[in-house]
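Take a look at the structure set out below.
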Amino acid sequence: MVHKVQGVVARFKGAPVTLETILVPDPGPGEALVDIITSGVCHTDLHYKLGQISDDFPFLLGHEATGVVSAVGPDVTEVAPGDRVILNWRAVCGECRACRRGRPQYCFNTHNATQKMTLEDGTELTPALGIGAFAEKTLVAAGQCTKVDPEADAAAVGLLGCGVMAGIGAALNTGGVQRGDSVAVIGCGGVGSAAIAGAALAGATTIIAVDINDTKLDRALTMGATDTVNSSENDPVEAIRALTGGFGADVVIDAVGRPETYQQAFYARDLAGTVVLVGVPSPEMTLELPLLDVFGRGGSLKSSWYGDCLPSRDFPMLVSLYQQGRLDLDAFVSERIGIGQIEEAFDKMREGTVLRSVVEL
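In structure tokens, the structure reads:
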């Protein structure tokens with residue numbers, strides 16, 4: 009059976025998105041059909057629309073999603089119809105060298121649904137991050153579904169599907185922030201704000217938010233930042249050092265992903281400190297650092313993929329913390345919108361006036 013649903017498609021590079029009829033097949037082996045409840049509007053969706061990830065147009069956008077499993081294919085045991093799930097874009101294979109070494113969060117062979125969703129004329133769609141959640145239904149690999157408590161607010165917990173998990177994981181998993189640490193976060197959009205929340209959750213005592221936008225800095229204080237630095241007015245390296253006894257922060261997280269912000273992160277950390285890159289650079293960017301400084305400062309330079317998360321472990325744990333009142337995921341939901349308001353949400357994202365617009369289906 010083929011399901012006809014409405015979905016948001018980016019047909020051409022840079023063109024406005026359109027609401028189209030999407031054909032979604034029933035699940036085959038290892039696949040799940042999911043009725044989407046909510047989906048956050050993430051910067052990654054904008055990158056897809058602008059052709060900054062690949063040229064495999066047309067794209068079915070959306071990926072930060074919660075939904076209800078409506079059907080599963082043969083041999084699927086992870087989830088069953090009726091399960092409330094958060095979708096993820098790293099269904100681990102269980103067989104690659106990372107999985108065999110007990111490090112499935114670094115799986116090198118993550119996978120998506122085998123069957124294709126199409127437009128009515130048969131044109132195959134590329135779902136954003138293998139999900140395509142700006143649609144009433146989507147088809148994913150069953151391993152992309154993580155079962156969670158259905159009582160949790162779908163709009164809030166669905167953001168764990170990408171940006172919020174990336175930021176929290178950059179602090180907790182990649183950065184290994186500990187009680188009493190000092191942490192600086194450069195860039196206070198959705199991912200950076202989540203990194204601040206993750207550092208606070210870990211017990212960091214000094215959390216420095218760095219941005220060029222005072223509105224974002226004020227918001228960072230509500231997320232757990234103890235200090236703010238407007239880097240358009242102050243040298244962020246000197247300011248971070250001044251706030252950490254002259255030494256630099258134990259962990260510096262670059263949530264922007266530009267050569268200049270990475271250099272700031274590199275020099276704003278303490279000796280033997282850790283730099284975490286979670287902001288996504290564009291392909292043409294290059295970095296130049298004196299190799300002697302890399303050697304002489306010691307410590308760790310890390311990249312954080314999806315917050316180095318393991319969805320089956322991290323999503324339920326963070327949902328539980330949210331339900332206990334220890335992690336304010338509601339604060340990331342700036343507005344709830346309809347499926348026809350994606351372009352307006354992209355505009356607000358560019359203006360920096362929202363953390364997340366969340367589509368409710």
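The numbering of the sequence shown is this note's numbering, which starts it at 9 and goes up by one.
The beta-carbon is built from N, C-alpha and C at its ideal position, and this holds for glycine as well.
For residue 190, the enclosing beta strand (DSSP E) starts and ends at 190 to 194.
For residue 12, the secondary structure class from DSSP, reduced to helix, strand or coil, is strand. The residue among 170, 215 and 154 with its C-alpha nearest the C-alpha of residue 85 is 154. Excluding sequence positions up to five before and after residue 344, its CB lies within less than 7 Å of the CB of 163, 366 and 368, all in the same chain and listed in chain order. DSSP places residue 181 within a helical segment (H, G or I) once states are collapsed to three. Assigned with DSSP and collapsed to three states, residue 240 falls in coil, not helix or strand.
Straight through space, the alpha carbons of residue 43 and residue 31 are spaced by roughly 14 Å.
The three-state secondary structure of residue 219, taken from DSSP, is strand. Around the beta carbon of residue 122, fewer than 16 other beta carbons lie within 10 angstroms, which makes this residue exposed. Closest by C-alpha distance to residue 278, out of 357, 324, 172 and 190, is 190. For residue 104, there is no enclosing alpha helix (DSSP H), as DSSP gives it neither H nor E. In the three-state scheme derived from DSSP, where H, G and I count as helix and E and B as strand, residue 142 is classed as coil.
Taken through DSSP and simplified to helix, strand or coil, residue 204 comes out as helix. When the alpha-carbon of residue 150 is set against those of 157, 204, 202 and 95, the nearest one is in 95. When the five nearest sequence neighbours on each side are left out, the beta carbons in the same chain lying within less than 8 Å of the beta carbon of residue 91 are those of 76, 77, 153 and 155, in order along the chain. In this structure, residue 178 lies near residue 315, with their beta-carbon atoms less than 8 Å apart.
In the DSSP secondary-structure assignment, residue 259 is bridged to 191 and 282. Contact annotation, residue 59 with residue 15: C-beta distance approximately 19 Å; criterion of less than 8 Å not satisfied. A check of alpha carbon separations from residue 291 across 259, 266, 104 and 284 identifies 266 as the nearest. Residue nearest to residue 167 within the set 248, 201, 127 and 239 is 201 (criterion: CA-CA distance).
Residue environment analysis places residue 103 among the exposed positions, since fewer than 16 neighbouring C-beta atoms fall within 10 angstroms of its C-beta.
For residue 165, same chain residues with a beta-carbon under 7 Å away, outside a window of 5 residues either side, are 74, 94, 156, 327, 330 and 337 in chain order.
Assigned with DSSP and collapsed to three states, residue 310 falls in strand. Annotation for residue 170: 48, 50, 52, 71, 72, 97, 137 and 314 place their beta carbon closer than 8 Å to its own, counting only its chain and skipping 5 residues before and after. In the displayed model, residue 368 falls within a strand according to three-state DSSP.
Beta-bridge pairing by DSSP links residue 116 to no other residue. Shown here for residue 68: same chain residues with a beta carbon closer than 8 Å to its own, the five before and five after excluded, namely 15, 16, 17, 30, 125, 133, 134, 135, 136, 140, 142, 143 and 146 in chain order.
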